[in-house]
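Since the structure comes first, as structure tokens, the remarks are kept for the end.
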Amino acid sequence: MSETHKDYAGDKFGMWLFLFTEILLFGGLFLLYSVYLHRYPAEFHAGGLQLSRVFGTLNTVVLITSSLTVALAISALQQGRKALCLWLLTATIALAGTFMVNKYIEWSAKIAHGIYPGSPEMAAGAGGTNIFFGLYYVMTGAHGLHVVIGAAILGYCMLRIWQGRVSAEDFGLLENGGLYWHLVDLIWIFLFPLFYLIS
Amino acid sequence: MHSPGETVPFLDPYPGRSGILSWIFSTDHKRIGMLYLWSILSMFAVGVVLGVLMRLELIAPGRDIMDAQTYNAMFTLHGVVMIFLFVIPGIPAAFGNILLPLQIGAEDVSFPRLNIFSWWLYLTGAVLAVTSLFTGGGPPDTGWTFYVPFSERTTTNVSLAVVAVFILGLSSILTGLNFITTIHRLRAPQMSWGKLPLFTWSLYATAWIQLLATPVLGITVTLVFIERLLGIGLFDPSKGGDPLLYQHLFWIYSHPAVYIMIVPAMGVVSEIIPAFARKSIFGYKAIAISSLAIAFAGSLVWAHHMFTSGMSDTAVMVFSFLTFVVAIPSAVKVFNWVATLYKGSIYLEPPLMFALGFIFLFSAGGLTGLVLGSAGTDIHVHDTYFVVAHFHYVIFGGTGFGLFAAMHFWFPKIFGRMYDRRMANLSWYLLIGGFNMLYFPMFVIGLMGMPRRYYDYLPMYQTGQMVSTIGSWVLVAGLIVMFYGLSKCLHGPRTVGANPWGAATLEWTLPSPPPHLTFLDPPDVPRGPYSYEGVSRDE
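Residue numbers (my numbering), protein chains in the order written: chain A, 107 to 305; chain B, 89 to 627.
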């Protein structure tokens, strides 16, 4: 109730609990993936070959770099270097944008080749292939949504830092935003081999 | 010395802040709990009306008051409203919010703004669920389980209903997250885990299930939504998918959800029994641990809903065994409650009546659950009225009566007024009588083979169906008497003292109703929650 109440450890604790729920949300999808991989190993192999490893690797590098910039931004804030922190967060959001642009190019290319949910080609093809690309769109789509949300959260952190409400004395919000961003990164680390390197 | 917030009852306007906005944007856990209580009871009324209309349709074979499609929509919405809007949030979100911080000597929950946000999510979900009745291609007709492939193909408004379920799930997750953090971080310094009231223990176990199981439901209903929108075919055999996987994902949440429903009610009963037996609870640790054991074991039994779905015999046997394992912690609780009553100096007040009703009905529901849990007998009664009777005994007889017990127990604390106890007792007899008349015949006609969710039936089931429908009227009469009795005294002077029942947990040390600001300084906790020495009734 009181406005002054601050529980740094409690805020962290709550954030970790929330991250568990995110992992479980994706857990349902990973469960589907594992069952269908077991059922359609050949189609998953063929599907993996059709995805662009160049784009996948590029996006992996982009996201890992963005995790680095977030971690650096938190250190910068803790040392009281506000301007540096804001620049590092801007870089992170720019990297998130790069990731989404890459994703857009990748998806558009696939859709141009008739590979999208409910397309005539998918409907005519083998069930396993349809499932592989169905999961590809659902899982990378859900992940992409999290990238956008994560970038928005970091943008909000920037606003609060700029206002001086989040600072070297009170950096819990940025740390929690950073944790969320690392989770987004981590999920991609699993998605990348499961789709791009499966073949 | 004291600010007005420490003396003005939380139901009255805080000096300088009044009106509806001071409720719907309040971050006070007590006010949020009241918001939940009113919304949940409203939704309960909607669910009851749908249920009674269904029963009325079933009074005789053939068409009576509605066509088959309307009937399908009725049982779907009855399920969705009762499960997601009444039973799951019921005790934790309403009474948990009001009482959890008071029981542990905390000022509020860990995240008060998240708490009011959860209620807004709940309200949004409720509005969407009710809207799905009147918009789109007609009300959903899939049953509350949204089984594929039908839920992907039906032209009714399933999409909106699953969005509502997703939002309600998020609300439930955030409440659970809030409670876990609160219990870990904000207990009064002297409130060790061994002094935690059992209701709080039950909320703790429940919160973990809410947190860990609900995300799976979130993704599952999202997939139904995506399938309806894009037709990917992840659960569609003609496109390479497997509908059985939907059932697995759905029940990975929805079976643990049964324990989200029942465990808080068990917590309520664990508070009431010792208070009215004037005797320390028998087996405090066993009850606390059994809550966690139920939460854990209950997460491993989901596939017992799928014995007839064609999954492997090994899976059937494993899940059947695990289902029997859950019965152990549940029975531990029942035996401990009964042992607490043994040689206690019992005084029979309405809360205890409802708690005893809980034990009786829940035991009946639990034991018939074993009939369903053993794969051999389940094949015979699967998807019959036997199942319907079983889960109404557990959920209505259990959680519903637990909620009624909580209402009668904490009503004087929340409102500072005592209700008409004669009327409460009368309603108890009507409710118990009506309940058994409504649901017991379902066991019988279920064993005879009456399938659930059927619009029409053979003449052989006529007697059972008719008795059941008449029972529903008695039950409704009981509900009316109960709510009338409770609401009748809402306007008198506040005469109830701090501790009308002589209970020993911390909320009874506060005035009734509690002031806006409570436990600004953590209270001393010199003794356990059930040591009644020196605690007197103060009416």
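Even for Gly, the Cβ is constructed at its ideal location relative to N, Cα and C.
Per-residue burial, residue i [other beta carbons within 10 Å of its own, 16 or more giving buried]
i: E109 of chain A; result: Residue confidence is low: E109 of chain A scores 47 on pLDDT, short of 50, so the model does not pin down where it sits. Its coordinate-derived value is still stated next. E109 of chain A is exposed by the Cβ-count criterion.
i: M89 of chain B; result: Low local confidence applies: a pLDDT of 48 at M89 of chain B is under 50, so the model's placement there is unreliable, and no value is given.
i: H117 of chain B; result: buried
i: W207 of chain B; result: buried
i: K373 of chain B; result: exposed
i: E94 of chain B; result: exposed
i: H468 of chain B; result: exposed
i: S305 of chain A; result: exposed
i: V389 of chain B; result: buried
i: Y302 of chain A; result: buried
i: L265 of chain A; result: exposed
i: T223 of chain B; result: exposed
i: Q185 of chain A; result: exposed
i: L608 of chain B; result: exposed
i: S91 of chain B; result: exposed
i: A592 of chain B; result: buried
i: F423 of chain B; result: exposed
i: R541 of chain B; result: exposed
i: V191 of chain B; result: The identity of residue 191 of chain B in the sequence shown is Gln, whereas the question assumes Val. Buried, by the Cβ-count rule.
i: P325 of chain B; result: exposed
i: W281 of chain B; result: exposed
i: A115 of chain A; result: exposed
i: S515 of chain B; result: buried
i: M121 of chain A; result: buried
i: I170 of chain A; result: exposed
i: F431 of chain B; result: Before going on, a small fix: residue 431 of chain B reads as Lys here, not Phe. That one is exposed.
i: V312 of chain B; result: buried
i: F442 of chain B; result: buried
i: E275 of chain A; result: exposed
i: E145 of chain B; result: buried
Listed by chain order, chain A residues near residue i by CB distance under 7 Å
i: F199 of chain B; result: G120
i: P617 of chain B; result: What P617 of chain B touches in chain A: nothing, since even the nearest Cβ is about 23 Å away.
i: L188 of chain B; result: In chain order: nothing, as chain A lies at least about 14 Å away.
Amino acids of chain B, ordered along the chain, whose beta-carbon sits closer than 7 Å to that of residue i
i: T163 of chain A; result: What T163 of chain A touches in chain B: nothing, since even the nearest Cβ is about 26 Å away.
i: L319 of chain A; result: Given a span of 107 to 305 for chain A in the structure shown, any question on residue 319 of chain A remains unanswerable.
i: P322 of chain A; result: Given a span of 107 to 305 for chain A in the structure shown, any question on residue 322 of chain A remains unanswerable.
i: G240 of chain A; result: I320, G321, L322
Neighbour list for residue i in chain B, Cβ cutoff strictly below 8 Å
i: D113 of chain A; result: S198, R273, L274
i: I237 of chain A; result: G321, L322, K327, G328, G329
i: V244 of chain A; result: L311, I314, I320, L322
i: G102 of chain A; result: In the structure as shown, chain A begins at 107 and stops at 305. Residue 102 of chain A is therefore absent and cannot be evaluated.
i: T127 of chain A; result: I261, L265, L299, L300, T302, P303
i: L303 of chain A; result: By Cβ distance, chain B contributes nothing, its closest Cβ being about 22 Å from L303 of chain A, past 8 Å.
i: L131 of chain A; result: P303, V304, G306, I307
Proximal residues of chain A, C-beta to C-beta of residue i below 9 Å
i: T269 of chain B; result: D113, G116, D117, F119, G120, L123
i: L123 of chain B; result: Neighbours of L123 of chain B on chain A: none; closest Cβ ~16 Å, over 9 Å.
i: L337 of chain B; result: G134, L137, L138
Identified DSSP bridge partners for residue i
i: T472 of chain B; result: B:P539
i: P97 of chain B; result: B:P603
i: Y102 of chain B; result: B:R105
Under 9 Å by beta carbon: chain B residues contacting residue i
i: L251 of chain A; result: Simply none; closest approach about 10 Å.
i: G234 of chain A; result: G328
Contact test: residue i Cβ vs the ligand ADP heavy atom, cutoff 7 Å
i: G233 of chain A; result: Among the ligands in the structure shown, none appear at all, so the ligand ADP cannot be discussed.
Residue i at chain E interface by Cβ criterion, 8 Å
i: K209 of chain A; result: The structure shown contains no chain E; the protein chains it does contain are A and B.
Next item on the list: Residues of the segment 350 to 376 of chain B with a CB closer than 9 Å to any CB of chain A: list them in chain order, please.
Entry: The residues in question: there are none.
Check: Using a beta-carbon distance cut-off of less than 7 Å, what residues from the segment 247 to 265 of chain B approach chain A?
Finding: Within the segment 247 to 265 of chain B, the residues whose Cβ lies closer than 7 Å to some Cβ of chain A are I261, L265, listed in chain order.
Notebook entry, point to check: Taking Cβ-Cβ distances below 7 Å as the criterion, which residues of the segment 299 to 310 of chain B are in contact with chain A?
Noted result: Listed by position along the chain: L299, L300, P303, V304, G306, I307, T308.
Check: Which residues, taken in chain order from the segment 140 to 157 of chain A, show a beta carbon closer than 9 Å to some beta carbon of chain B?
Finding: Per Cβ criterion, the list reads V141, Y142, R145, Y146, E149.
Checklist line | alpha helix (DSSP H) segments (min. 4 residues) lying fully within the segment 510 to 534 of chain B | finding: For the segment 510 to 534 of chain B, there is no continuous alpha helix (DSSP H) assignment of 4+ residues that stays within its boundaries.
Checklist line | Residue ranges of each alpha helix (DSSP H) within the segment 348 to 404 of chain B, 4 or longer | finding: Within the segment 348 to 404 of chain B, the complete alpha helix (DSSP H) runs of at least 4 residues are 372 to 385.
Next item on the list: Go through the segment 406 to 492 of chain B residue by residue and report every complete run of the alpha helix (DSSP H) that reaches 4 residues or more, in order.
Entry: As far as the segment 406 to 492 of chain B is concerned, its whole alpha helix (DSSP H) runs of at least 4 residues are 438 to 461, 463 to 469, 473 to 482.
Next item on the list: Ignoring anything shorter than 4 residues or poking outside the segment 222 to 303 of chain A, list the alpha helix (DSSP H) runs there in chain order.
Entry: You should have 226 to 230, 233 to 269, 278 to 302.
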